[in-house]
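Undergrad: Residue numbers (the numbering used here): 255 to 599.
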Ligand code: SF4
């Protein structure tokens, strides 16, 4: 169907009320930025899911980073968006302002040369992420091994998506599957999820027209009672994904339980360095504390049970300048996006 006709259909849709979840924070951002919610019928509600890595990282992990940063032998290296995620006492930015050596980089591999040039310190990367970023951390470890650079470490908060999607599926009528994750995993995991949940999934690109086409496909599938996984992003997502990247990850990491902010403990949804690489680990297991700031609704927002605007702190005590919860920190966080673009969810 032509895009204009699909848009017309979505605008005039008057079937049963449906709730669709876009799992990935980059999709949430693209949907809001392009104004898609404002052209949808009131009977179609889009909610964001647990696909922002910073948003689902628990306070216990941030607290561990802060504790490591207090040891003057350590240099903490991170992507910028983790710097302001609140721990139970402070965030990394505050630790830095109090004298901790905290640096941010655009690629984890940059840390290798930093560590090589300064053997006096241990360089610890804050490795939070999903299947998408795990191959980069595996590459970092492989390179450190090859170049015999022993003063690099990871503090991992690596998670896999399917189990989390199972956890949030109650009340959801269809999913836009995480596109970047599917580039690595392929379509099979989402076909299996669709079959287990008896719900439609669409793997989508990130352009407005691709997302509109994906939402149209999902609405049509819900109308017809179809479950299954449709790959509308075939230019990037192959059925078997990226087996070489998965192999690198498997060599380096093993599965374990992980605690997600707002979702609790999910069996087998974490990735941890294997025993043979434990010298590169900074104590990543057991960082389970998940302490929300009073009044913060991140747990409900991440699971599609609450809109960001319905949090009493939204735009008042909690803003991009002064975030109270993790969802207001990352550019992939639902509250950050709602605050930035402001159209109806
Ligand atoms: Fe948490 Fe702030 Fe979002 Fe409320 S607006 S849910 S306090 S991040």
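A virtual CB, placed ideally from N, CA and C, is assigned to each residue, including glycine.
Kindly examine ligand 1 and report whether one of its heavy atoms sits closer than 7 Å to the Cβ of residue 412.
TA: What you label residue 412 is simply residue 158 of the chain shown in a count that begins at 1. No, ligand 1 has no heavy atom inside 7 Å of this Cβ.
Undergrad: Considering only C-alpha positions, which residue in the set 334, 379, 469 is nearest to residue 217?
TA: A question about residue 217 goes unanswered here, because the residues of the chain that appear run from 255 up to 599.
Undergrad: In the structure shown, what three-state DSSP assignment does residue 384 receive?
TA: The residue labelled residue 384 in the question sits at position 130 within the chain shown. Note: residue 384 maps to coil in three-state DSSP.
Undergrad: Taking DSSP as the reference, what is the three-state secondary structure of residue 508?
TA: For the purposes of this step, residue 508 is taken as the residue at position 254 of the chain shown. Reduced to three states, the DSSP call for residue 508 is strand.
Undergrad: For residue 271, which beta-bridge partners are listed by DSSP?
TA: Indexing the chain shown from 1 puts residue 271 at position 17. Paired residue(s): none; residue 271 is not in a bridge.
Undergrad: Please report the residue range of the beta strand (DSSP E) in which residue 429 lies.
TA: Within the chain shown, numbered from 1, the residue matching residue 429 stands at position 175. From DSSP, the beta strand (DSSP E) with residue 429 extends over 428–431.
Undergrad: Quick one: give me the first and last residue of the alpha helix (DSSP H) that residue 532 is part of.
TA: Taking the first residue of the chain shown as 1, we reach residue 532 at position 278. Taken as a continuous stretch (DSSP letters only), residue 532 belongs to no alpha helix (DSSP H), as it is neither H nor E.
Undergrad: Within 10 angstroms of the Cβ of residue 292, are there 16 or more other Cβ atoms? Answer buried if so, exposed if not.
TA: Here residue 292 refers to the residue found at position 38 of the chain shown. Exposed, because fewer than 16 other Cβ atoms sit within 10 Å of the Cβ of residue 292.
Undergrad: In its own chain, which residues sit with a C-beta less than 6 Å from the C-beta of residue 355, not counting the 5 before and 5 after it?
TA: Mapped onto the chain shown, residue 355 falls at position 101. So the list reads 329, once near-sequence residues are dropped.
Undergrad: What residues are listed by DSSP as bridge partners for residue 482?
TA: Position 228 of the chain shown, counting from 1, holds the residue named residue 482. Looking at the DSSP assignment, residue 482 forms a beta bridge with 454.
Undergrad: Mind reading off the beta-carbon distance from residue 415 to residue 385? Whole number of angstroms is fine, and I expect it under 8 Å.
TA: Walking along the chain shown from the start, residue 415 turns up at place 161. Walking along the chain shown from the start, residue 385 turns up at place 131. Contact flag correct, Cβ pair sits at about 7 Å.
Undergrad: By Cβ distance below 6 Å, which residues in the same chain neighbour residue 482 in space, the five residues on each side in sequence not counted?
TA: Against the chain shown, residue 482 aligns to sequence position 228. 448, listed in sequence order.
Undergrad: Let me know if residue 491 comes out buried or exposed under the rule of 16 or more other beta-carbons within 10 Å of its beta-carbon.
TA: As a working mapping, residue 491 is identified with position 237 in the chain shown. When all chains shown are included, residue 491 counts as buried.
Undergrad: Where does residue 309 sit, in a helix, a strand or coil, going by DSSP?
TA: Reading the chain shown from its first residue, position 55 is the one you call residue 309. Coil, per DSSP.
Undergrad: Please classify residue 579 as buried or exposed, where buried requires at least 16 other C-beta atoms within 10 Å of its C-beta.
TA: In the chain shown, residue 579 corresponds to position 325, counting from 1. Residue 579 should be labelled buried.
Undergrad: Could you compute how far the alpha carbon of residue 412 sits from the alpha carbon of residue 304?
TA: Indexing the chain shown from 1 puts residue 412 at position 158. Indexing the chain shown from 1 puts residue 304 at position 50. One C-alpha to the other measures close to 13 Å.
Undergrad: Going by other Cβ atoms of all chains shown within 10 Å of its Cβ, with 16 needed for buried, is residue 262 buried or exposed?
TA: Position 8 of the chain shown, counted from the first residue, corresponds to residue 262. Exposed, since its Cβ has fewer than 16 Cβ neighbours within 10 Å.
Undergrad: In the structure shown, what three-state DSSP assignment does residue 466 receive?
TA: For the purposes of this step, residue 466 is identified with residue 212 of the chain shown, where counting begins at 1. Helix at residue 466.
Undergrad: Which same chain residues end up closer than 6 Å to residue 398 when comparing Cβ atoms and leaving out the 5 residues on each side of it in sequence?
TA: Your numbering for residue 398 matches position 144 in the chain shown. Once the five neighbours on either side are set aside, the close Cβ partners of residue 398 are 406.
Undergrad: I'd like to confirm something about residue 562: is its beta-carbon nearer than 7 Å to some heavy atom of ligand 1, or not?
TA: The residue labelled residue 562 in the question sits at position 308 within the chain shown. Yes.
Undergrad: Would you say the beta carbon of residue 339 is closer than 7 Å to some non-hydrogen atom of ligand 1?
TA: The residue labelled residue 339 in the question sits at position 85 within the chain shown. False, no ligand heavy atom lies under 7 Å from that Cβ.
Undergrad: Which ranges would you report for the beta strand (DSSP E) in the region 393–430 if only whole runs of at least 3 residues count?
TA: The region 393–430 contains these whole beta strand (DSSP E) runs: 406–413.
Undergrad: Comparing alpha-carbon positions, which option in 544, 502, 286 lies nearest residue 239?
TA: What the structure shows of the chain is the stretch from 255 to 599, and residue 239 is not part of that stretch, so it cannot be assessed.
Undergrad: Taking 6 Å as the limit between beta carbons, can you name the residues of its chain near residue 437, skipping five residues before and five after?
TA: For the purposes of this step, residue 437 is identified with residue 183 of the chain shown, where counting begins at 1. Cβ within range, chain order: 490, 491.
Undergrad: Nearest CA to the CA of residue 515: which residue from 271, 532, 340?
TA: As a working note, residue 515 is residue 261 in the chain shown. Measuring from the Cα of residue 515, the nearest candidate turns out to be 340.
Undergrad: Residue 389 by DSSP, collapsed to three states: which one?
TA: For this step, residue 389 is matched to residue 135 along the chain shown. Looking at residue 389 - three-state DSSP - the assignment turns out to be helix.
Undergrad: Cβ of residue 453 within 8 Å of Cβ of residue 322?
TA: Working through the chain shown from its first residue, we reach residue 453 at position 199. Working through the chain shown from its first residue, we reach residue 322 at position 68. No; because the gap between Cβ atoms is not below 8 Å, this pair is not in contact.
Undergrad: How many Å lie between residue 477 and residue 265 at the Cα?
TA: Stepping through the chain shown from its first residue, residue 477 is reached at position 223. Stepping through the chain shown from its first residue, residue 265 is reached at position 11. The straight-line gap from Cα to Cα measures roughly 15 Å.
Undergrad: Quick test of your reading: residue 484 and residue 464, contact by CB under 8 Å. State the CB separation rounded to the nearest angstrom.
TA: Position 230 of the chain shown holds residue 484. Position 210 of the chain shown holds residue 464. That pair is no contact at about 12 Å.
Undergrad: Does DSSP put residue 364 in a helix, a strand or coil?
TA: Working through the chain shown from its first residue, we reach residue 364 at position 110. Helix at residue 364.
Undergrad: Taking Cβ to Cβ, would you say residue 331 is nearer than 8 Å to residue 373?
TA: Here residue 331 is taken as the residue at index 77 of the chain shown, counted from 1. Here residue 373 is taken as the residue at index 119 of the chain shown, counted from 1. Their beta carbons are not under 8 Å apart, which means residue 331 does not touch residue 373 by this criterion.
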